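Down below is the structure, laid out as structure tokens.
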Amino acid sequence: MKILNLSIDQHIFDKDSATAKRIINYGGLVEKYTVIIPSQKSQEVTLSNKVNVYGIGGKFKTLQLFSIYRFVDGLLRKERYDLVTVQDQYYLAALGLRLAKKYEIGLEIQVHGIERCKGLRKIIAQYVLSKAEAVRTVSGRLKQRLVDLFNVAENKITVVPIYVPLKEKQEIKNYQLKKPSILLTVCRLVPIKNIELQIRALNNFKKDNVDVELWIVGSGSEEKKLKELSRALAVDDNVKFWGWQSDLDHFYKQADLFLLTSDFEGWGMVVVEAAQYGLPIVMTDVGLAGEVIINNESGLVVPIKNVKALAEAIKKILADENLRERLGKAAQQQVSKLLSREKTLAFYKSSWEKAIANTKLQK
16 MKILNLSIDQ
26 HIFDKDSATA
36 KRIINYGGLV
46 EKYTVIIPSQ
56 KSQEVTLSNK
66 VNVYGIGGKF
76 KTLQLFSIYR
86 FVDGLLRKER
96 YDLVTVQDQY
106 YLAALGLRLA
116 KKYEIGLEIQ
126 VHGIERCKGL
136 RKIIAQYVLS
146 KAEAVRTVSG
156 RLKQRLVDLF
166 NVAENKITVV
176 PIYVPLKEKQ
186 EIKNYQLKKP
196 SILLTVCRLV
206 PIKNIELQIR
216 ALNNFKKDNV
226 DVELWIVGSG
236 SEEKKLKELS
246 RALAVDDNVK
256 FWGWQSDLDH
266 FYKQADLFLL
276 TSDFEGWGMV
286 VVEAAQYGLP
296 IVMTDVGLAG
306 EVIINNESGL
316 VVPIKNVKAL
326 AEAIKKILAD
336 ENLRERLGKA
346 AQQQVSKLLS
356 REKTLAFYKS
366 SWEKAIANTK
376 LQK
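Under my numbering, the residues of the sequence shown are numbered 16 to 378, in order.
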């Protein structure tokens, strides 16, 4: 089996990244695995004897798409591939569909999120998803949205959560609060992650004299705005921006509580990571909420964009050591039951084989 992957993940170029390591694992399942990524500059990286990554350059997205089409068209003329898998359901997916139909090979669409699906993008997604032989997504929540919003046939969809390596030995958490208590969030600082919600919730603690710090680990376009908001609300002494960090072990061990307040999330890898440390979780009702983090059982789940609900959930956990321990241990237990690497890879391969088989049925 030869797989051609049209991806949007720039981390694949970094051989030491978790993403690159996952791609190498995918390559181990097949004869050949070729990755094409829109890029500002042309580049080529060999990850293994089966996995090659190409960055197809261009300053503008339209130019990148044109260049990718020309490159992949030339590739498929020279060599037979069995499947195109696309990490997108919009413009790159439309390109993948065109090439898959031209060369009569299978098409798998990967759906990690549909938060910006409106207008032309929605029309493209509707069309591409209806034509794909297989669709792979990361959560039951997203599967249901694909069925409800796009009428994707359930038998075409495979749900495979993003694999997060589990710690060999479970952490033993001390649930006594530190002074100050540490609230931790780890993410890109972009609007969809809604870190503003956490800062505004922290503002609610001032009148109660709650000794707490919010640790924000990550970088992104919202950093300046978030720092300005912290100063405007006079909570800047209680908010620490740590920037991007390659090693999160120290932060997870120091924290008393983990927060995820995204407006949308396909899955939520950082929640899985935090839960492995026995951290109690407060998160918005997105991604793996309801599947892994179940409200009042393995965490507290609050509505999106609701400052009051978030603040109350944080206060509730900080005020009750027994609750912290119960939720933290339950979250740790929940993530220990997630798919192993071997089972995750088996589901990926199954989805590819489904796409290839469905293509043959159409001939």
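Glycine included, every Cβ here is placed at the ideal spot set by N, Cα and C. All figures in this text were calculated on a predicted structure; none of them were measured in a lab.
If the criterion is Cβ atoms closer than 8 Å, does the pair residue i and residue j meet it?
{"i": "Leu-241", "j": "Ile-210", "result": "yes"}
{"i": "Ile-214", "j": "Val-254", "result": "yes"}
{"i": "Leu-110", "j": "Ile-138", "result": "no"}
{"i": "Gln-125", "j": "Gln-102", "result": "yes"}
{"i": "Val-287", "j": "Val-350", "result": "yes"}
{"i": "Leu-272", "j": "Ile-187", "result": "no"}
{"i": "Ile-51", "j": "Phe-75", "result": "no"}
Are there 16 or more other CB atoms within 10 angstroms of the CB of residue i, so buried, or fewer, so exposed?
{"i": "Asn-166", "result": "exposed"}
{"i": "Asn-20", "result": "buried"}
{"i": "Leu-376", "result": "exposed"}
{"i": "Glu-46", "result": "exposed"}
{"i": "Arg-131", "result": "exposed"}
{"i": "Leu-386", "result": "The requested residue 386 is not part of the displayed model; the chain covers only 16 to 378."}
{"i": "Ala-168", "result": "exposed"}
{"i": "Thr-152", "result": "buried"}
{"i": "Leu-114", "result": "buried"}
{"i": "Gly-398", "result": "Examination of residue 398 is not possible in this model, given that the chain is present from 16 through 378 alone."}
Could you please give the first and the last residue of the uninterrupted alpha helix (DSSP H) stretch that includes residue i?
{"i": "Tyr-41", "result": "33-42"}
{"i": "Val-287", "result": "284-291"}
{"i": "Val-162", "result": "155-165"}
{"i": "Ser-145", "result": "135-146"}
{"i": "Val-307", "result": "Taken as a continuous stretch (DSSP letters only), Val-307 belongs to no alpha helix (DSSP H), as it is neither H nor E."}
{"i": "Phe-266", "result": "264-269"}
{"i": "Asn-218", "result": "210-218"}
{"i": "Gly-111", "result": "106-117"}
Looking only at its own chain, which residues have a Cβ that is under 6 Å from the Cβ of residue i, when we skip the five neighbours before and after it?
{"i": "Gln-58", "result": "Gly-70"}
{"i": "Val-60", "result": "Phe-28 and Val-68"}
{"i": "Ala-346", "result": "Ala-290, Ile-296, Ser-313 and Gly-314"}
{"i": "Gly-235", "result": "Arg-203, Leu-204 and Val-205"}
{"i": "Lys-146", "result": "Leu-112"}
Can you check which of these residues, the options, is closest to residue i by C-alpha distance?
{"i": "Asn-373", "options": "Lys-171, Gln-269 and Leu-229", "result": "Lys-171"}
{"i": "Glu-148", "options": "Cys-132, Leu-112 and Asp-163", "result": "Leu-112"}
{"i": "Gly-302", "options": "Lys-17, Ala-334, Arg-160 and Ile-52", "result": "Arg-160"}
{"i": "Val-175", "options": "Lys-375, Ile-371 and Leu-353", "result": "Leu-353"}
{"i": "Ser-196", "options": "Leu-294, Asn-20 and Lys-117", "result": "Leu-294"}
{"i": "Lys-194", "options": "Ala-216, Glu-228, Ile-120 and Val-205", "result": "Glu-228"}
{"i": "Glu-94", "options": "Ala-33, Lys-17, Gln-191 and Val-307", "result": "Lys-17"}
{"i": "Lys-208", "options": "Ile-187, Ala-370, Glu-280 and Val-143", "result": "Glu-280"}
{"i": "Phe-81", "options": "Pro-53, Leu-62, Glu-169 and Lys-188", "result": "Pro-53"}
{"i": "Gly-89", "options": "Asp-97, Tyr-118, Val-66 and Thr-77", "result": "Tyr-118"}
{"i": "Glu-238", "options": "Phe-273, Val-225, Gly-258 and Lys-221", "result": "Gly-258"}
{"i": "Phe-266", "options": "Tyr-292, Lys-222 and Ser-245", "result": "Tyr-292"}
{"i": "Glu-123", "options": "Tyr-106, Val-143, Ile-129 and Arg-136", "result": "Val-143"}
{"i": "Ser-22", "options": "Val-87, Asp-31, Thr-100 and Lys-30", "result": "Thr-100"}
{"i": "Gln-269", "options": "Gly-305, Trp-230 and Asn-337", "result": "Trp-230"}
{"i": "Arg-37", "options": "Val-66, Gln-55, Phe-75 and Gly-73", "result": "Val-66"}
Among the residues of its own chain, which have a CB less than 7 Å from the CB of residue i, if the five just before and after it don't count?
{"i": "Ile-319", "result": "Asp-278, Thr-299, Asp-300 and Val-301"}
{"i": "Glu-340", "result": "Tyr-190"}
{"i": "Gly-233", "result": "Val-201, Cys-202, Arg-203, Leu-204 and Trp-259"}
{"i": "Lys-364", "result": "Leu-44"}
Starting from residue i, follow the beta strand (DSSP E) in both directions and report where the run begins and ends.
{"i": "Lys-380", "result": "Residue 380 falls outside the range modelled here, since the chain spans only 16 to 378, and no answer is possible."}
{"i": "Arg-246", "result": "Looking at the DSSP string, Arg-246 is not in any beta strand (DSSP E); the run it does join, the alpha helix (DSSP H), is 238-247."}
{"i": "Lys-47", "result": "47-54"}
Is it the case that the CB of residue i approaches a heavy atom of the ligand HEM more closely than 7 Å?
{"i": "Asn-67", "result": "In terms of ligand content, the structure shown is empty, and the ligand HEM therefore cannot be addressed."}
So, at 8 Å on beta carbons, what are the nonlocal neighbours of residue i in its own chain, with the 5 sequence-adjacent residues on each side left out?
{"i": "Ala-140", "result": "Gln-104, Tyr-105, Ala-108, Ile-129, Cys-132 and Phe-165"}
{"i": "Leu-338", "result": "Pro-295, Lys-331 and Ile-332"}
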